[in-house]
Every structure is written in C-alpha cells, then in structure tokens.
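J.: Can you keep this structure in mind? I'll have questions shortly.
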Amino acid sequence: MPGTTFNTIVQQQARAQPDGLAYRCGDQRWTFSDVDRSTNRIANALAVAGVAAGDRVAVLTKFHIESTLLTLAAAKLGAVCMPVNWRLAPGEVQYIVDHGMAKLMLADKAFLPLVDRAAMPTLQQVLVTDGAHDGHPGFHDWYAGASDQFQAVDAKPDDPMLQLYSSGTTGLPKGVVLSHAGLIFNCQLGTLVWDVTADAVVGNALPTFHIAGANMGLFPLYAGATGSSYPDFDPAGFIDAIGRHGITHSFLVPAMILFMLQSPKVKQGDYRTLQLISYGGSPISDRVLTEAMATFQCSFMQVYGLTEIAGSATFLLPEDHAPEGPKAKLLRSAGKPVPGARVRIVDPVTLADLPEGQTGEVLIESPGNMLGYWRNPEATAAAFPEGRNANGGWFRSGDGGYMVDGYVYINDRIKDMIISGGENIYPAEIENVLMKHPSVADGAVIGVPDDKWGESVKACVILRPGEQTGPATERAIIDWMRERLAHYKCPKSIDFVEALPRNPSGKLLKRLLRAPYWEGKARSVN
C-alpha cells in the first residue's frame, strides 16, 4: 500500500519497480528509479540554494514532468511547490510570486519576460526549464551534479505540499495550500474508481497550475502506472497519441473533448486501448457528451471538484452514463459524493440546511480539503464557517446546486446566477438547451442590465461553419429555445462572436463576457 506522504511513495515505487516507466514526454523517459534519484538530486541542489522547510518554490512552465519532479523534490525538503499560471499578465504573475514569497523559480525561456526580480523581492534564483538563458542556469544542468542520495524530512500527512492560486474571479488570487494527505486522498479515489493498474497509461494534457493537471502528474506515480505528458494540447495530436502511446485513461475538460470531436482526424483515431475518459472543470452539453461516448467507445466519468478540495467532491460513474432510458436524466447531475466525502445544500445567507430538491450553496466536507488560504486567515475563516475538523471541515464552494436521491446537481456559480424580475435563473440550464441547436457550435449565457427587469438573459454564440449571423438567425434560435424552456429563462438577445474567453483549463471566463455590458455600472447586478 502506498505511503501516507509522497516522500515515502516515491521511495516505495522505486523499490517495487525500479525499471518501470513512470513518465513519458516526447522522446524523454523516466523510470521510477529515475524519479527517486532525480528528485534526490533536485532536493540537494535546492538545499544548497538555501531552500528550506516551509519555503515556497515557484513554477512557471508548460513542462509537466519537470514541474512534478520539482514538486516531489521540494516535498523531500519540506518545502512547497507553487505552480503559476503562465497565461497571466506580468503584473498578475508578479503579485502571485511576491504574495507566495517564493525563494526560487523554475521558468521556461518563453516566460522569462514575466519575471521581474524587482517586483519579486523574495526571489533569489531563477532556473530555466529548457536550457540556460540570459544568465540563468538550465534546470537539468543545475541539479545534474548533485548527489542522488538524500534523506527526506520526516513529513507528516497534514504537512503542506502544493500551493495553487485561485483564478481571482472575486478579487485578488488566493493561495490554496494543499497537504500530502489531501492530494493522496484524491489519488486513492482515482486508483479505486478509475480501476488503474500498473500497466495503465494515463494521458495528461492539462497544465500543472490547474488542480486536475497537478493531480494527473502525481496520480500515475501513486498508482505505479505510466504518466504520458502532452504539454501543448493539440486535438489532432492527442487523438494520435491515444493510439500511438496506448493511453488507457485521461482527464479532459469539456472544451478539449469538443475540440477533439471537431478535429478532421477524429474519425481516423485508434481508441482501442482507451478505457475511460474522466471530465469536469465546466459543464458539458448533452450533445457533446453523447457524441463523445459514441466516438471514443469507452467509459465516461464526470468529476465535480475544486482547487480547494484538492480535486474531487462527486463522481458520476460510468454506469450512470446512459443517454437513453430511465437514467438519462442523471447526465445532468454531477453524481454522488465520493467515498469519504459529504455534501450539504444550505441557504447561502443563513447556512441553514435546505430540503431535497431546493437550490442553495454546495458545502463539502472532505479529507482533500485545503489547509487554508496562504497568508489570508480571514478568507480561510469565511471558507470554513464551522472551522476545520478531522475530516477537513465544511467548505463553502460558492456553487449553487441541489440534491435528489443522493445525486448532486450543480446549477452555476452563485455569483453567475441571473436575477430577472425576481426570478433566479441559472445559465447552465439555458446553455445546455442552447448547445442542442443545430446551428450552434459553442455558446454562453450571461445576465446584462435591463431597466425593467434588473437583468435580462443574453446568449453569446459561436455559429457552426456556413451559418449566417444576423437578426433572422437570432430570432430563429430564440424562438427555438422558447419551445423548450420557460420563456423567462430564454435569451432576450444574442450576440454572435468568433470566440469565447476561456482560461487555460478551458473554463469559461464569464466575468470577461459580462464586463462590456456592465461598464459604468457600480456593481454587476442591477
């Protein structure tokens, strides 16, 4: 049985299968023995550089394996790895590195312009993932000469290991501190529910600054399987990799699944090894899911979770993915709480428990729950109104949802809810209908100011190739939706756009969609 910290897990896997393939990326290979020796070398080099227990080490790289190796090496010292979103603006990167008090940074050459040492006073050294550049040493050369023997600290399960920053949708980004135990809890869930064995090949195309990407780097190591890494997601390339590398399991966000289905190569793919695609991070339309199940001919599993719970709160298992028949309605749910976790639905103001079927805020108690927000005790206290407990404490997710027969249904972020004429309207419900329209390739629903109703429903739509924009198409889509939804929920207007703003994990950035319509307003509700 793997250990209770990643320090012991690395050593155990190196002893159990030293020559087993732990990671693959391009032409590079790492055995489990390589992982142990490399992380020992990196830990020794970190110690020489002055990194000690409790220090933060920042990562600004697309390279999954190097990020994971640095995470494991820092843990051997008792330090904490801090992956940073490389798509952020320079000022945002500077804020995170400064707030995190990072002592050392690993960055790709392409991202060095984001590194302003003057704005990052705690940063003592910058290493370059893809070779020495501009006076900064290359990462692999930097640690290559260090000893491959290292006595890891006696880490405890509740010691911090990883610090990821929230997207800052409600203000400045917050540093989410995750423990060995929290991350291992999610690896255990993955091994159990995905039925992963040592001969599995886990394909990862998500960035490590995203909790799913970080978990996909650690999970194969925990399971003794092979992690196959694809730092730059390309739909056609990933389709090819499934057959070429024998990928058995992967986690994808719905946008990635959609892009694969739209690829001209999707019908040419070899999916015989593919056993399971897990998906989450944003809602998926019925149409996309049904088409994906028919195309890839493997099991599908939905995951609902957050960075603050180190991954998964609920699973919708493969046996509940039945587009036809009595279970079809379950495809709109996020599944049931994962083993070891509990979910409550409460009034978002009073925090009183609500009856079955009534929408409120989702609260989650899980061993994966974060230790807290770094240097932000006020936000931590607000996130855990009843405090933390031995099972993680009840965390306020900020998501609106309800429960029926033990299944959790997520409507939307509480803050994304539209209030029109006193009616609470959840965009996800409308988007699911919108995506079924034959002319719609992608779409999103937001609330915009309305002098009469406070807010009205607007859809932003990407049309399929060959479809014409204009008032006639707008009217046709709205009329079509009015046949399928309560009229007060239907869009009053449609804007046709060429792209929808998404973050690197594929999650729709509705604040950017809303911003032009609310410009000049004192607040973003009317």
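Counting with the working numbering, you get residues 625 to 1150 for the letters of the sequence shown. Every residue, glycine too, gets a C-beta built ideally from N, C-alpha and C.
(1) Taking the beta strand (DSSP E) that residue 1066 belongs to, which residues open and close that run?
(2) When you compare only the Cα positions, how much space is there between residue 803 and residue 927?
(3) Apart from the five residues on each side of it in sequence, which residues of its chain come closer than 6 Å, Cβ to Cβ, to residue 687?
(4) Rounded to whole angstroms, what is the Cα-Cα separation between residue 669 and residue 701?
(5) Look up residue 908 in the DSSP assignment and say whether it is helix, strand or coil.
(6) Of all the options 821, 893 and 765, which has the alpha carbon lying nearest to the alpha carbon of residue 644?
(7) Please classify residue 1140: does DSSP put it in a helix, a strand, or coil?
(8) In whole angstroms, give me the CA-to-CA distance for residue 988 and residue 936.
(9) Helix, strand or coil for residue 1008 per DSSP?
(10) Any idea what DSSP makes of residue 758, helix, strand or coil?
(11) Tell me, which residues are paired with residue 960 by DSSP?
(12) If you run the structure through DSSP and keep just helix, strand and coil, what is residue 682?
(13) With distances taken from CA atoms, which of 972, 960 and 743 is nearest residue 1028?
(14) Check each candidate in 1120, 1101 and 1119 and name the one with the smallest Cα separation from residue 1111.
(15) Per DSSP, what kind of secondary structure is residue 848 in: helix, strand or coil?
(16) When the Cα atoms are used, what is the spatial distance from residue 793 to residue 978?
(17) Among the candidates 766, 868, 1043 and 1091, whose CA atom is the shortest distance from the CA of residue 1069?
(18) How many Å lie between residue 1015 and residue 966 at the Cα?
(19) With a threshold of 7 Å on Cβ separation, who are the neighbours of residue 1133 within its own chain once the five nearest residues in sequence on each side are excluded?
(20) Quick check on the DSSP output: what are the complete alpha helix (DSSP H) runs of length 4 or more inside the region 789 to 859, in order along the chain?
(21) Tell me whether residue 669 sits in a helix, a strand or coil according to DSSP, three-state version.
(22) Since residue 705 sits in a beta bridge, which residues does DSSP pair it with?
(23) From residue 1021 to residue 773, what does the alpha carbon distance come to, in whole angstroms?
(24) Got a sec? Which residues, its chain only, sit under 6 Å from residue 650 by beta carbon, not counting five neighbours each side?
(25) For the alpha helix (DSSP H) containing residue 715, list its first residue and its last residue.
(26) Counting only the same chain and skipping the five closest in sequence on each side, list residues whose C-beta sits under 8 Å from that of residue 1087.
T.: Well, looking at it:
(1) 1064 to 1074
(2) 20 Å
(3) 753 and 855
(4) 11 Å
(5) coil
(6) For residue 644, the nearest C-alpha among the options comes from 821.
(7) helix
(8) 10 Å
(9) coil
(10) coil
(11) 939
(12) strand
(13) Taking each of 972, 960 and 743 in turn and checking the Cα distance to residue 1028, the smallest one comes out for 960.
(14) Across the set 1120, 1101 and 1119, the C-alpha of 1101 shows the shortest separation from the C-alpha of residue 1111.
(15) Residue state, collapsed to three classes: coil.
(16) Reliability fails at residue 793, whose pLDDT of 47 lies under 50, so the model's placement of it is uncertain and no value is given.
(17) 1043
(18) Straight-line spacing of the CA atoms in residue 1015 and residue 966 works out to 10 Å.
(19) 1125, 1126 and 1127
(20) As far as the region 789 to 859 is concerned, its whole alpha helix (DSSP H) runs of at least 4 residues are 804 to 818 and 835 to 847.
(21) In this structure, DSSP gives residue 669 a helical state, which the three-state scheme calls helix.
(22) 681 and 786
(23) 42 Å
(24) none
(25) 714 to 724
(26) In the same chain as residue 1087, and ignoring 5 residues on each side of it, the C-beta atoms closer than 8 Å to its own belong to 1063, 1064, 1065, 1093, 1097 and 1120, in chain order.
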